[in-house]
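*Asks:*
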Amino acid sequence: MKKLFLIIFFGFSFILLRAQDNMDEALAYQYYQQGEFEKAAVLLEKLFNKTKNDSYFDLYFSSLIKVKKYTEAESILKKLIKQYPQKSQYAIALGRVYQENGRTADANKIFQEAINNTPKDENKFREMANAFYRFEAYDMAISAFLQGRKIFGDEQMFQFELLSIYRFKKDKQMLIQEYINVLASTPQLLPQAQGVLASVFEDNADYQLLQNALLKKIQKDPQTEIYTELLTWQYIQQQQYEMALRQLIAQDKRTKGDGNLLFNTAYTFVSNKAYATAIKAYEYILTKGEENELYLAAKVALINAKYELAISGKYEKVAIQALADEYLEVLAKYGRNGQGLVALRKLANLQAYYLNDLKKAELTLESALQTSGISQSDVAQIKMDLGDIYVLTKQPWEAILAYEQVSKQFENQPLGNEAKFRSARIFFYVGDFNYAKSQADVLKASTSQLIANDALNLSLLINDNLQSKNDSLALKMYADAEMLQFMNKPDQSLIKLDSINIAYPNNSLADDILMAKAKIFIKTSDVPKAETMLKEIIANHHDSIWTDDALFILADLYEKKLNNPEEAKKLFQQLMNDYPGSMFNAEARKRFRNIRGDNVGT
């Protein structure tokens, strides 16, 4: 019975002691987090002496440093070093005390001795470097890892640790060198390298550092494609698309490649609207001959790039006809399936909107519907294209029927919502504003943000401009102008827009007219006039449904067309501050951070 009592007594005492330790630990952490380091140090010293747990030591030591008790910290550390000579973290902590106390030479001597005395053990180097890192001696942590590489004779060792420290320090030069060092053996790190470098680079000078380092490496090791890929990315980041192309072609010739890297990068050129550069890339691939596996894909992609270039600004009818003939040639030679379906739709677009041959466009789309193996979504896209042609041929009810077929088949799906919006737009064109608004109101809840935003703008446009007979008549003229723009008749559309104020002075469409004209000027590559229209919206129409659009579009022009990133940054920031609910907000934030040099790639 006495024995049982003693067991219960000691067990209860242990529980009490453990509970006390837990309370001390919680209180110590609380004091530390609140910056009450004197109080924290008392409790942490007690906990460390009792447990010898290094996690308590780290906080205890840090607390002593925070309150500048250097003599006390030095005395404790010297005792611990004698007791535990194998634990390098105590020597490193002593070096940190000397460093904080202004004894830099003594600190460096201790740090170097700790590194030199580390045995040939990968884990020991890692432990020592981690100790340096915890005590904020980052350069010494780097030295430890580099010493480990030297001892093991392995330049790839500790690569992730070094990359992490260089990134933390924003040591751009060493970060570049380390990525160049590791990419040859670990090419899958390329996306990470791009994201990290984008996050620390601040201006063109940083990208120049990368470019210089890569060019030197490529001269020594021209067969390693990964360096060319990173250099190409660097040129693209700087919007130096021609330089990127030149480097890719040189690499392809040097390695006698199959053109794959060049072909894939050409898509990036197209997505960045560097159509002329993309065209050169595809033309180079075609010089490899029809036996090259990329020949057909490059042929189609070349014509598509020419298409994008042709419709991106002012065009000549002769050039458009030549482009249409190229599509017909490819279709005749390689058939009307797969990639041919895209070619057919683009050919129809050229015939309808640029060559004014609506009958041919209609026949082209009808033949596309006969393409073998065509999917239901492709059928829907072609039917919507046909609906647009019916609008041009003044068959609105045929167009509505085509759109309705798609909207019913793909109800509550992006394709169906797009078809519904096109239907609402027709009713707007023909002047049935109330019905157009009712359709747009339904689509405001669309899961597609773009459709929802377009529907909202259409609904507000109608609602805001039906308040009087004068405004209603002006809105009808505006709808006519929009119809002319849809028919790709920008000059006629501008004349109609300019006539609205003459026919119906003091109407409520001032901001809408400015935005419509800005979009026409952008499409016809008259950037200065577009800039003027957008600036007027921003300055004089703060409550307009178009103001956030104007801010984003103008910022985009400054960044990509007018080479004025600082002005673009100001506009992106104004958009974020003044219109937090805008659908452009997320993209504006991303673009703002990219111009400022923040990390947007990870």
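Per mature numbering (1 follows the signal peptide of the UniProt record, and there is no 0): the sequence shown = residues -19 to -1, 1 to 583.
Think of the CB as a built atom: it goes at the ideal place given N, C-alpha and C, for glycine as much as any other residue.
Exposed or buried, glutamine 15, counting other C-beta atoms within 10 Å across all chains shown (16 or more means buried)?
*Replies:* exposed
*Asks:* Ordered along the chain, which non-local residues of its own chain (more than five positions away) have a Cβ less than 8 Å from that of leucine 309?
*Replies:* Apart from the 5 residues on each side of it in sequence, leucine 309 sits with its Cβ closer than 8 Å to the Cβ of Leu328 in its chain, given in chain order.
*Asks:* I need the DSSP call for isoleucine 576, collapsed to helix, strand or coil.
*Replies:* helix
*Asks:* Of all the options Ser252, Asn241, Asp306 and Tyr288, which has the alpha carbon lying nearest to the alpha carbon of tyrosine 265?
*Replies:* Asn241
*Asks:* Contact between the region 344 to 355 and the region 383 to 393: three or more CB pairs below 8 Å?
*Replies:* Contact between the region 344 to 355 and the region 383 to 393 is absent, because fewer than three Cβ pairs lie under 8 Å.
*Asks:* Could you tell me how far apart the beta carbons of glutamine 192 and glutamine 215 are, in whole angstroms, since I believe they sit closer than 8 Å?
*Replies:* 6 Å
*Asks:* Note down the Cα distance separating threonine 167 from aspartate 135, rounded to an integer number of angstroms.
*Replies:* Looking at the backbone, the Cα of threonine 167 and that of aspartate 135 are separated by about 14 Å.
*Asks:* Assign glycine 76 to one of two classes, buried (16 or more other C-beta atoms within 10 Å of its C-beta) or exposed (fewer than that).
*Replies:* buried
*Asks:* Within the same chain, show all residues whose beta-carbon is closer than 7 Å to that of leucine 475, passing over the 5 residues directly before and after it, in chain order.
*Replies:* Lys498 and Ile501
*Asks:* Quick one: measure Cβ to Cβ for valine 281 and valine 311, integer angstroms, because I've assumed they're closer than 8 Å.
*Replies:* For valine 281 against valine 311, the beta-carbon gap comes to about 6 Å, under 8 Å, which counts as contact.
*Asks:* Return the chain-ordered list of same chain residues with a C-beta closer than 7 Å to the C-beta of alanine 460, the five sequence neighbours on each side being excluded.
*Replies:* The residues Phe409, Tyr410 and Gly412, in chain order, have a CB closer than 7 Å to that of alanine 460 in the same chain once the five nearest residues on each side in sequence are set aside.
*Asks:* Let's test the definition: count the other Cβ atoms within 10 Å of the Cβ of aspartate 306 and tell me whether it reaches 16, buried, or not, exposed.
*Replies:* Per the 10 Å Cβ criterion, exposed.
*Asks:* Check whether the region 479 to 491 touches the region 504 to 514, counting contact only when three or more Cβ pairs, one atom from each stretch, lie closer than 8 Å.
*Replies:* no
*Asks:* For aspartate 524 versus leucine 442, is the C-beta distance shorter than 8 Å?
*Replies:* No, Cβ-Cβ distance for aspartate 524 and leucine 442 is not below 8 Å.
*Asks:* Checking 8 Å against the spacing of the C-beta atoms, do leucine 45 and alanine 22 come in under that value?
*Replies:* yes
*Asks:* Would you mind giving the Cβ-Cβ distance between tyrosine 51 and asparagine 82, rounded to the nearest angstrom? I have them listed as a contact below 8 Å.
*Replies:* 5 Å
*Asks:* Does the pairing of the region 287 to 296 with the region 245 to 259 give three or more beta-carbon distances under 8 Å?
*Replies:* With contact defined as three or more Cβ pairs closer than 8 Å, the region 287 to 296 and the region 245 to 259 are in contact.
*Asks:* In angstroms with no decimal places, state the Cα-to-Cα distance between leucine 28 and serine 56.
*Replies:* 18 Å
*Asks:* Cβ atoms of alanine 125 and phenylalanine 113: under 8 Å apart, would you say?
*Replies:* yes
*Asks:* Pull up the distance between the alpha-carbon of lysine -18 and that of tyrosine 37, whole angstroms please.
*Replies:* Because lysine -18 carries a pLDDT of 43, less than 50, the predicted location of this residue cannot be relied on, and the following value inherits that uncertainty. It is roughly 38 Å from the alpha-carbon of lysine -18 to the alpha-carbon of tyrosine 37.
*Asks:* Compare the C-beta of serine 440 against all C-beta atoms of chain B and say whether one is closer than 8 Å.
*Replies:* Annotation note: the requested chain B is absent from the structure, which comprises a single protein chain.
*Asks:* In the DSSP assignment, find the unbroken alpha helix (DSSP H) run with glutamate 547 in it and report its ends.
*Replies:* Element bounds for glutamate 547: 546 to 559.
*Asks:* Looking only at its chain, what residues have a beta carbon closer than 8 Å to the beta carbon of serine 466, apart from the 5 residues adjacent to it on each side?
*Replies:* Note that residue 466 is glutamine in the sequence shown here, rather than serine. Cβ within range, chain order: Ser474, Ala497, Lys500 and Ile501.
*Asks:* Hey, quick one: how far does the alpha helix (DSSP H) through threonine 345 stretch, first residue to last?
*Replies:* Segment 339 to 349, the alpha helix (DSSP H) holding threonine 345.
*Asks:* Quick one: residues in its chain with C-beta nearer than 6 Å to the C-beta of tyrosine 276, no 5 flanking neighbours on either side, listed in chain order?
*Replies:* There are no such residues.
*Asks:* Just to confirm my understanding: we take arginine 130, look at its own chain, exclude 5 residues before and 5 after, and list those with CB closer than 7 Å. What are they?
*Replies:* Glu136, Met138 and Phe139
*Asks:* Measure the C-alpha to C-alpha separation of asparagine 398 and lysine 450 and round it to an integer number of angstroms.
*Replies:* So the alpha carbons of these two residues sit roughly 32 Å apart.
*Asks:* Check whether the region 399 to 406 touches the region 422 to 440, counting contact only when three or more Cβ pairs, one atom from each stretch, lie closer than 8 Å.
*Replies:* yes
*Asks:* In three-state DSSP terms, what is tryptophan 214?
*Replies:* helix
*Asks:* So, at 8 Å on beta carbons, what are the nonlocal neighbours of threonine 374 in its own chain, with the 5 sequence-adjacent residues on each side left out?
*Replies:* Leu339 and Glu343
*Asks:* Is tyrosine 315 near alanine 286, with beta carbons less than 8 Å apart?
*Replies:* no
*Asks:* Just mark valine 78 as buried or exposed, buried being the case when its beta carbon has 16 or more other beta carbons within 10 Å.
*Replies:* buried
*Asks:* Per DSSP, what kind of secondary structure is glycine 76 in: helix, strand or coil?
*Replies:* helix
*Asks:* If you drop the 5 nearest sequence neighbours on each side, which residues of the same chain put their C-beta closer than 6 Å to that of isoleucine 363?
*Replies:* Sequence-distant partners of isoleucine 363 (beyond 5 residues in either direction) whose C-beta falls short of 6 Å from its own C-beta, in its chain, are Leu346, Ala349 and Leu350.
*Asks:* State the Cα-Cα distance for the pair proline 203 and arginine 235, rounded to the nearest angstrom.
*Replies:* 8 Å
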